[in-house]
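A.B. asks: Let me give you the structure first, and then I'll get to my questions.
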Amino acid sequence: MQNASQTVAADSADTIISINDLGKTYDSGFTALKNVNLAIKRGEIFALLGPNGAGKTTLIGIICGIVRASSGSVTVDGNDIVRDYRAARAAIGLVPQELATDTWETVWATVNFSRGLFGKAPDAAYIEHILRALSLWEKKDNRILTLSGGMKRRVMIAKALSHEPRVLFLDEPTAGVDVELRQDMWQVVHGLREQGVTIILTTHYIEEAEEMADRIGIINHGELMLVERKQALISKLGRKQLTLHLAEPLAEVPAALAEFKLERAHDGYDLLYTYDTQNESTGIGPLLDAVDNAGIRVRDLNTSQSSLEEIFVSLVRRK
Amino acid sequence: MINHRAIRAIYLFEMNRTWRTVLQSIVSPVLSTSLYFIVFGAAIGSRINAVEGVDYGAFLVPGLIMLTLLQQSISNAAFGIYFPKFSGTIYEMLSAPVSPLEVIAGYVGAAASKAIMIGLIILVTSTVFVEVRIAHPVWMLAFLVLTAVTFSLFGFIIGIWADGFEKLQIIPMLIVTPLTFLGGSFYSISMLPPLWQKITMFNPVVYLISGFRWSFYEVSDVSLAVSVGITLFILLCCLTVVTWVFRTGYKLKH
Ligand SMILES: Nc1ncnc2c1ncn2[C@@H]1O[C@H](COP(=O)(O)OP(=O)(O)OP(=O)(O)O)[C@@H](O)[C@H]1O
Ligand SMILES: [Mg+2]
C-alpha cells in the first residue's frame, strides 16, 4: 500500500455493508435511529445488542428495504439500497423477528417461491440441501399451517437462504426457540460463515453474542454506542479491579507506586488497581508490598469484575 | 432488466391460491350466475319482450359476465395484496429485488386471469340456458381482458389502501355493486325514463357493459369508441394512482 487512495480501496473491499449517517424518524414523530455509522466486514458475524425498542429492527428494516430511511445512506456490496435496490437486495436474506408465513402453502412451495421472487432459476437440489440442513426435509409437503412455531421459524430461515444470499440478517433468531433449534441454527450459521456469508444478528442474550459473534455493536435509543471486536470486550471482561480503602486520604499517588498505574477515588480514600486475570501474574503481591513500604495504611480491600452484562448495562444506563 | 422470475413466482403463487379454493373461487360465481339465468332469464324473461331485437335471456349474458368480471377482478386483486399485509408476509415482497411494476404485473395478472377464466366459464354455462351469438369475438375478448385488468388494478389499490377487512369490502359493496346493477346489466338504458337515462350516463360501468354487449349483438347504449375510450380512461386513472402509491410507499413502508 503506497498511497492513501489504495488504502481506502482496500478498506472498502473489506466492507460489505456501509451505513452512513443513517437516521429514521417515523411518521408518528418518534426518532428511532440517530446518525448511525457502521461498516460491516465481509464474512464476519456481527451481533447487534440492545434493549427493547433500541432500534435494531428499524436498522435492519432500512437495509433490507422494508423501512425508508429519513436521512443518510446505506450501500450493500457497493450498491446503494435506494438507487441500486435490485443489486443490493439480491445479496440479502432476511429472517424477520416476527413469525409470518403463508399458512396454506407447503414448505416446498413457499421456499421455492422465495427463490423465484429473488430472481434465481429453480434449483431443487439446493433447496433440498437447505431443507435437510434445517431438518425440514420430512416436512416438505406439509402445509405450513400444520407446523409448530419452531418449525415455522426454520421455514423462514430456509426462505431467507433460498436465493443464496451473501448477507444474512437474523432478527432475534432465538427468541422463543428451543435448545435443539438453537443448536441447529448455530450450526447452519457457522456453515454459512465458512462459505463466506456475512451474518448480522440481533439478540437480547449477551451469551449468545459472545458465543457467536466476531464483533458486537451495542445500540440504545437509536444510537450506536459501541462497536468492538468480541476479543476486546472479553479482555475487558477478564479485567478485574482491586480497591484499597485507606485509613487516611492521599492527596496524590506516591511516586513509589507509579508503576502500578493506580487511580485515586473517593477524595483519596480509595486507590484503584486494574489488573488482568489472564496474565500470569496479577501484580497484587508486589503492589501490597509497595503500599506497605510506602507506609500507607489499608483499612480494607475488595475486588470486582465487570461482566459484559455490566458493560452493557452501564452503557445503556448512561443515557 | 426485468425480474421475470419474480413475476412468474407471484403469478403462480396467486393462481395456486385459486386452485386451492376452487369451490369458492369458481363454483360459486358459476352457481350464482346460473341462478340469475333461471330467475331473470327463464322465469321473468319469458314475460319480457326482446330488448332491441335481442331475446331477453341472451341480452342478459354480456351484462352478467361483466357483473361477475368486475366483482371477481376487484376482490381477487384486493385480497391478493391485502392478505400478505395482514399476515405480515409482505416483508418478503418489500425486501425482494422486484420493482413495483413487477409486483403489480404478478398480482394484477393473476387476478385478471382468474376473472377472465370465470367470465369464460359463465359464457359457456349460459349457452346451456340461452342461445348466445358473438358477432365480434376479438372485440369481446379485448373488452374482457381490458376490463379485467383495469378492475384488478382498482382492486389492487383497494387492497393496499385497506387496513381492515371492513375497508376491503366497503368499496366493492357500497359503490361497485350498485353501479354494476344500475349500469345496464339487466336492461337497456333506453328502457329508463329520460331523466334517469341522463343520470345513468355518469355511471362508468354503463360504458363497459354497452361496449361488451355490442361485441355480442351489435346493440349498444353508447358508441363503441366512447366505450373503449372510457375503459382506457379508467385504466389510466388506476395506473396513475398505483404509480403514486408505490412512489410514496403509501401504507406499505413506514
Ligand atoms: N411503524 C412505527 N411507527 C412508529 N414508531 C415505531 C414504528 N416501528 C417502530 N417504532 C418505534 O421505534 C423504536 C425502535 O423499534 P425497533 O423495532 O427498531 O426496536 P428493536 O430494537 O428491534 O426492539 P426489540 O428488541 O423489542 O425488537 C421503538 O420505540 C418503536 O416503538
Ligand atoms: Mg426488534
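Sequence order for the protein chains is V and C. Just so it is clear: in the first sequence, position 293 is 383 by my numbering, and no numbers are missing. Just so it is clear: in the second sequence, position 205 is 208 by my numbering, and no numbers are missing. Even for Gly, the Cβ is constructed at its ideal location relative to N, Cα and C. Nothing here was measured: the structure is a model prediction, and the numbers come from that model.
1) Have a look at V42/C, K256/C, L63/C, C241/C and flag the residue whose alpha-carbon is nearest the alpha-carbon of T183/C.
2) With ligand 1 as the reference, list in chain order each residue whose Cβ lies under 6 Å from any of its heavy atoms.
3) Would you say V57/C reaches chain V, if we count a Cβ-Cβ gap shorter than 9 Å as a contact?
4) Kindly examine ligand 3 and report whether one of its heavy atoms sits closer than 8 Å to the Cβ of E313/V.
5) For the segment 204 to 217 of chain V and the segment 249 to 265 of chain V, state whether three or more C-beta atom pairs, one from each stretch, are separated by less than 8 Å.
6) If the cut is a Cβ gap below 7 Å, which residues of chain C does W198/V touch?
7) Relative to the C-alpha of G119/V, which residue among K131/V, S160/V, I152/V, I109/V is closest?
8) Quick one: list the residues of chain C neighbouring R410/V, beta-carbon separation under 8 Å, in chain order.
9) Have a look at F350/V and L391/V and give me their C-alpha separation to the nearest angstrom.
10) Hey, V111/C and M96/C: beta-carbon distance below 9 Å or not?
11) Touching or not, the segment 205 to 217 of chain C and the segment 68 to 85 of chain C, by the rule of three or more beta carbon pairs under 8 Å?
12) CB of T196/V to nearest heavy atom of ligand 2: below 8 Å?
13) Which same chain residues end up closer than 7 Å to I237/C when comparing Cβ atoms and leaving out the 5 residues on each side of it in sequence?
14) Using only the heavy atoms of ligand 2, determine whether one of them is closer than 8 Å to the beta carbon of E134/V.
15) Of all the beta strand (DSSP E) runs that stay within the bounds of the segment 256 to 297 of chain V, which reach a length of 3 or more residues?
16) Does any C-beta atom of chain V lie closer than 9 Å to the C-beta of G91/C?
17) Kindly indicate which residue of I124/C, V131/C, I10/C has the alpha-carbon position closest to the one of S28/C.
18) Do you know how far the Cα of L177/C is from the Cα of R20/C?
19) Taking P186/V as the query, report the chain C residues whose CB atoms sit under 7 Å from its CB, ordered along the chain.
20) Taking the C-alpha atoms as reference points, what is the distance between L242/C and Q285/V?
21) If you measure between the beta carbons of I130/V and W194/V, is that distance less than 9 Å?
22) Is the distance from the Cβ of L336/V to the Cβ of Y359/V below 9 Å?
23) Ends of the beta strand (DSSP E) at A122/V?
24) Against Y175/V, what residues of chain A qualify as contacts under a CB-to-CB distance less than 8 Å, listed in chain order?
25) Starting from I29/C, trace the alpha helix (DSSP H) both ways and give me its first and last residue.
26) Give the C-beta separation of V185/V and D261/V to the nearest angstrom, bearing in mind that I take them to be a contact with Cβ-Cβ under 8 Å.
27) Compute the minimum distance between the beta carbon of E298/V and the heavy atoms of ligand 2, and state whether it is under 8 Å.
28) Taking only the alpha-carbon atoms, compute the straight-line gap between F203/V and I13/C and give it to the nearest angstrom.
29) Relative to the C-alpha of L258/V, which residue among K242/V, A341/V, E134/V is closest?
30) Please list, in chain order, the chain C residues whose beta carbon lies closer than 7 Å to that of D360/V.
31) Roughly how many whole angstroms lie between the Cα atoms of I247/V and S238/V?
32) Give the residues from the segment 207 to 226 of chain C that approach chain V closer than 8 Å (Cβ to any Cβ), ordered along the chain.
33) Any idea what DSSP makes of T165/V, helix, strand or coil?
34) Please list, in chain order, the chain V residues whose beta carbon lies closer than 8 Å to that of R23/C.
35) Check whether the Cβ atoms of M316/V and V343/V lie closer than 9 Å to each other.
36) State the Cα-Cα distance for the pair V381/V and T372/V, rounded to the nearest angstrom.
C.D. replies: So, to answer that:
1) On the second sequence, residue 183/C is found 180 positions in, with the first residue counted as 1. Ranking V42/C, K256/C, L63/C, C241/C by Cα distance to T183/C puts L63/C first.
2) Y116/V, S118/V, F120/V, A122/V, G140/V, N142/V, G143/V, A144/V, G145/V, K146/V, T147/V, T148/V, Q187/V, H257/C
3) On the second sequence, position 54 is the one that residue 57/C refers to. No, no contact with chain V.
4) As for ligand 3, it is missing from this structure, which binds only ligand 1 and ligand 2.
5) yes
6) Within the first sequence, numbered from 1, the residue matching residue 198/V stands at position 108. Simply none; closest approach about 12 Å.
7) Reading the first sequence from its first residue, position 29 is the one you call residue 119/V. Cα-wise, what sits closest to G119/V is S160/V.
8) Outside the displayed span of chain V (91 to 409) sits residue 410/V, for which this structure offers no information.
9) Your numbering for residue 350/V matches position 260 in the first sequence. Your numbering for residue 391/V matches position 301 in the first sequence. Taking the straight line joining both Cα atoms gives about 16 Å.
10) As a first step, residue 111/C must be located in the second sequence, where it is residue number 108. As a first step, residue 96/C must be located in the second sequence, where it is residue number 93. No. Outside cutoff.
11) yes
12) Against the first sequence, residue 196/V aligns to sequence position 106. No, Cβ of T196/V sits at least 8 Å from all heavy atoms of ligand 2.
13) As a working mapping, residue 237/C is identified with position 234 in the second sequence. Closer than 7 Å at the Cβ level, and outside the excluded window around I237/C, lie T153, P207.
14) Residue mapping note: residue 134/V aligns to position 44 of the first sequence, counting from 1. False, no ligand heavy atom lies under 8 Å from that Cβ.
15) 257 to 261, 288 to 293
16) Within the second sequence, residue 91/C is the residue found at index 88, counting from 1. Cβ-Cβ to chain V under 9 Å: yes for G91/C.
17) As a working mapping, residue 28/C is identified with position 25 in the second sequence. Here the closest residue by C-alpha is I124/C.
18) Here the question's residue 20/C lines up with position 17 in the second sequence. Here the question's residue 177/C lines up with position 174 in the second sequence. Answer to the nearest angstrom: the Cα atoms are 26 Å apart.
19) Here residue 186/V refers to the residue found at position 96 when the first sequence is read from its first residue. Neighbours of P186/V on chain C, chain order: Y94.
20) By 1-based counting over the second sequence, the position of residue 242/C is 239. By 1-based counting over the first sequence, the position of residue 285/V is 195. So the two alpha carbons sit approximately 44 Å from each other.
21) Translated into positions along the first sequence, residue 130/V becomes position 40. Translated into positions along the first sequence, residue 194/V becomes position 104. No, these two residues do not count as a Cβ contact at 9 Å.
22) Position 246 of the first sequence, counted from the start, is the residue given in the question as residue 336/V. Position 269 of the first sequence, counted from the start, is the residue given in the question as residue 359/V. Yes; because the gap between Cβ atoms is below 9 Å, this pair is in contact.
23) Mapped onto the first sequence, residue 122/V falls at position 32. Per DSSP, A122/V belongs to the beta strand (DSSP E) from 121 to 131.
24) No chain A appears in this structure, whose protein chains are V and C.
25) One-based indexing of the second sequence puts residue 29/C at position 26. First-last for I29/C: undefined, no H or E at that position.
26) Position 95 of the first sequence, counted from the start, is the residue given in the question as residue 185/V. Position 171 of the first sequence, counted from the start, is the residue given in the question as residue 261/V. About 6 Å separates the two Cβ atoms, so the contact holds.
27) Here the question's residue 298/V lines up with position 208 in the first sequence. Flag unset: Cβ of E298/V not near ligand 2.
28) Locating residue 203/V in the first sequence gives position 113, where the first residue counts as 1. Locating residue 13/C in the second sequence gives position 10, where the first residue counts as 1. So the two alpha carbons sit approximately 8 Å from each other.
29) The residue given as residue 258/V occupies position 168 in the first sequence. That would be E134/V, whose Cα lies nearest to the Cα of L258/V.
30) If you number the first sequence from 1, residue 360/V lands on position 270. Here the premise fails: no neighbours, minimum Cβ distance about 50 Å.
31) Here residue 247/V refers to the residue found at position 157 of the first sequence. Here residue 238/V refers to the residue found at position 148 of the first sequence. I247/V and S238/V: Cα-Cα distance of roughly 14 Å.
32) none
33) Locating residue 165/V in the first sequence gives position 75, counting from the first residue. Of the three classes helix, strand and coil, the one that applies to T165/V here is strand, per DSSP.
34) Along the second sequence, read from residue 1 onward, the residue named residue 23/C stands at position 20. In chain order: W194.
35) Indexing the first sequence from 1 puts residue 316/V at position 226. Indexing the first sequence from 1 puts residue 343/V at position 253. Checking the displayed sequence, the identity of residue 316/V turns out to be Leu instead of Met. In this structure, V343/V does not lie closer than 9 Å to L316/V by Cβ.
36) Your numbering for residue 381/V matches position 291 in the first sequence. Your numbering for residue 372/V matches position 282 in the first sequence. Computed Cα separation, rounded: 15 Å.
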